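Worksheet: one structure, shown below.
Residue numbers (my numbering): 157 to 283.
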């Protein structure tokens, strides 16, 4: 326990999104990673006093990202399966060297929501 007293948390320092190798540097404002949860089923067979949970794999995952760009390439990927998206970044604790982080996702873009368009204001697209 004494070894963890002075360990500061690692913080995300920077990241970039890539779609099939194309960089979205300066255009991907936020990225929300999917929640990870097991799909469970209650099971109680003969001779058991109480039910147990059986793990049946993972629940469906959903990620969300916001880009400051009305990108035709992303729009054309709507509804296609197996779309590759990668996040590459680094986490770093104060006084420590940065550590690389890579997140690879593959799935379908199922929704697109544009922000309000107003002169002189940033517009974004949420996928």
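Virtual Cβ for every residue (Gly too), placed ideally from N, Cα, C. Just so you know, these numbers come straight off a predicted model, no measurement behind them.
In this chain, residue 232 is not harboured by any beta strand (DSSP E); it is covered by the alpha helix (DSSP H) spanning 228-232. For residue 283, there is no enclosing beta strand (DSSP E), as DSSP marks it with neither H nor E.
The straight-line gap separating the alpha-carbon atoms of residue 224 and residue 202 is approximately 58 Å. Bridge partners of residue 262 according to DSSP: 240. Going by DSSP, residue 198 is part of the beta strand (DSSP E) stretching over 194-199.
Of the candidates 226, 163, 165, the residue whose Cα lies closest to the Cα of residue 180 is 226.
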